[in-house]
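Trainee:
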């Protein structure tokens with residue numbers, strides 16, 4: 001991550017006094033352009049770094065520069081360390097080096113306070129690798145190509161300028177300018193496959209980040225109350241997947257859910273198998289019977 005690289009650049013310069021952009025690019029396995037951009041970032045932040053050209057030239061830091069921890073209050077030190085720990089808790093972002101060095105610099109004990117893993121069960125290694133490639137493509141401003149499965153089950157090749165990775169409502173999304181559609185598009189991270197980082201640069205500042213929009217229009221949201229009888233071993237799913245305000249526990253042991261009207265209700269209840277039964281309203285119960293009959297006929301026709 002950039003914050004880790006920036007800190008280590010300062011750390012290296014304080015020890016070596018002089019390095020070249022090519023040496024830093026090789027050390028961090030990034031482009032020379034990325035290193036020069038990092039140097040500009042540090043300089044803008046007030047770190048006394050300068051470069052010289054020609055023989056004996058390179059990147060320097062003023063001899064009298066020191067990191068003064070007295071400039072950062074104890075509370076600010078904790079906030080910095082906790083922020084780094086929060087980012088590393090995603091499992092996708094490696095801040096261990098920066099976190100360890102700053103903790104040592106601040107004379108702070110290691111206080112683990114959060115642990116979060118956004119990767120999917122059984123997909124951690126693949127998700128982390130894909131996330132790392134996308135992160136580097138965004139930082140280095142390089143286009144990517146991939147195959148994408150739409151919500152309608154259609155697979156299509158895409159070429160995009162990746163602008164931002166965002167986590168929203170239990171899922172990661174890639175916000176892009178799509179060259180295939182010549183428009184802004186948002187793609188769900190888990191549906192991206194066969195991704196490749198291309199040698200096609202772009203100027204990030206020339207593009208806006210598209211918003212992540214809900215899959216339905218909130219103004220057209222019409223709720224319906226559905227009373228369900230859920231087996232004890234499956235009831236936890238309701239509390240995992242619905243807001244507390246949309247769940248009512250009834251005296252007879254059933255649950256009333258406030259749900260958005262639509263065909264998805266039947267598919268959702270069917271995902272419980274025999275562990276769920278619709279009690280009310282009657283028209284949703286009747287529609288479920290029709291669907292169950294169609295499912296039964298599919299299996300009967302195969303025998």
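Numbering (my numbering), first residue to last: 1 to 303.
In this text, a Cβ means the ideal position worked out from N, Cα and C, and glycines have one as well.
Do residue 139 and residue 173 come within 7 Å of each other at the CB atom, strictly closer than that value?
Mentor: Result no, Cβ atoms of residue 173 and residue 139 do not sit closer than 7 Å.
Trainee: Give a yes or no on whether the minimum CB-CB distance between residue 293 and chain B is below 7 Å.
Mentor: In the structure shown, chain B cannot be found, because there is only a single protein chain.
Trainee: Buried or exposed: which applies to residue 16, given that a residue is buried once 16 or more other Cβ atoms fall within 10 Å of its Cβ?
Mentor: exposed
Trainee: To the nearest angstrom, report how far apart residue 285 and residue 168 are at their CA atoms.
Mentor: Looking at the two C-alpha atoms, the distance is approximately 32 Å.
Trainee: Rounded to whole angstroms, what's the CA-CA distance from residue 287 to residue 34? Just pull it up for me.
Mentor: 58 Å
Trainee: Going by the CB atoms, is the gap between residue 193 and residue 147 shorter than 7 Å?
Mentor: Less than 7 Å divides the Cβ of residue 147 from the Cβ of residue 193.
Trainee: Taking its Cβ as the centre, do 16 or more other Cβ atoms sit within 10 Å of residue 7, making it buried, or is it exposed?
Mentor: Burial of residue 7 is indicated by the presence of at least 16 other C-beta atoms within 10 angstroms of its C-beta.
Trainee: Report yes if the CB atom of residue 229 is closer than 7 Å to the CB atom of residue 254, and no otherwise.
Mentor: Yes, the pair counts as a contact, with Cβ atoms nearer than the cut-off.
Trainee: Entirely within the segment 240-286 and at least 4 residues each: give me those alpha helix (DSSP H) ranges in chain order.
Mentor: 264-270
Trainee: Tell me the start and end of each unbroken beta strand (DSSP E) in the segment 167-196 that is at least 3 residues and wholly inside, in chain order.
Mentor: 171-178, 183-188
Trainee: Look up residue 71 in the DSSP assignment and say whether it is helix, strand or coil.
Mentor: Reliability of the predicted coordinates at residue 71 is poor, the pLDDT of 44 falling under 50, and the value obtained from them is presented with this limitation in mind. Residue 71 falls in the helix class under three-state DSSP.
Trainee: Measuring only the C-alpha atoms, how far is residue 127 from residue 202?
Mentor: 25 Å
Trainee: Would you call the CB atoms of residue 258 and residue 223 closer than 7 Å?
Mentor: yes
Trainee: Over what stretch of residues does the alpha helix (DSSP H) that includes residue 23 continue unbroken?
Mentor: 21-28
Trainee: If we call anything under 7 Å between Cβ atoms a contact, is residue 197 one with residue 142?
Mentor: Contact flag set, yes.
Trainee: With distances taken Cα to Cα, identify the nearest neighbour of residue 256 among 298, 226, 43, 184.
Mentor: 226
Trainee: Which word fits residue 270, buried or exposed, when buried means at least 16 other C-beta atoms lie within 10 angstroms of its C-beta?
Mentor: exposed
Trainee: Which value, in whole angstroms, describes the spacing of the CA atoms of residue 149 and residue 188?
Mentor: 9 Å
Trainee: My understanding is that residue 184 touches residue 210, with C-beta atoms under 8 Å, so please give their C-beta distance in whole angstroms.
Mentor: 4 Å
Trainee: From the DSSP secondary-structure annotation, give me the bridge partner or partners of residue 159.
Mentor: Under the DSSP definition of a beta bridge, residue 159 partners with 145.
Trainee: Assuming residue 47 and residue 10 form a contact by the criterion Cβ under 8 Å, report the distance between their Cβ atoms to the nearest whole angstrom.
Mentor: 6 Å
Trainee: By DSSP, does residue 154 sit in helix, in strand, or in coil?
Mentor: coil
Trainee: Put residue 299 into one of helix, strand or coil per three-state DSSP.
Mentor: helix
Trainee: Near residue 31, which residues of its chain fall below 7 Å by C-beta distance, leaving aside the five closest residues on each side in sequence?
Mentor: 25, 140
Trainee: Could you tell me which of 156, 36, 177, 242 sits nearest to residue 170, measuring between CA atoms?
Mentor: 242
Trainee: Starting from residue 44 and walking both ways along the alpha helix (DSSP H), at which residues does that stretch end?
Mentor: Unbroken alpha helix (DSSP H) run through residue 44: 32-44.
Trainee: Nearest to residue 195 by CA position, among 157, 49, 165, 42, is which residue?
Mentor: Nearest to residue 195 by C-alpha distance, out of 157, 49, 165, 42, is 157.
Trainee: Among residues of its own chain, excluding the 5 on either side of residue 277, which ones have a beta-carbon nearer than 6 Å to its beta-carbon?
Mentor: The residues 229, in chain order, have a CB closer than 6 Å to that of residue 277 in the same chain once the five nearest residues on each side in sequence are set aside.
Trainee: In the DSSP assignment, the beta strand (DSSP E) including residue 223 goes from what residue to what residue?
Mentor: Residue 223 -> beta strand (DSSP E) spans 223-230.
Trainee: Please go through the same chain and pick out, in chain order, the residues whose beta-carbon is closer than 6 Å to the beta-carbon of residue 72, but skip the five residues on each side of it.
Mentor: Because the pLDDT at residue 72 is just 49, under 50, the model does not fix this residue reliably, and the point stays unresolved.
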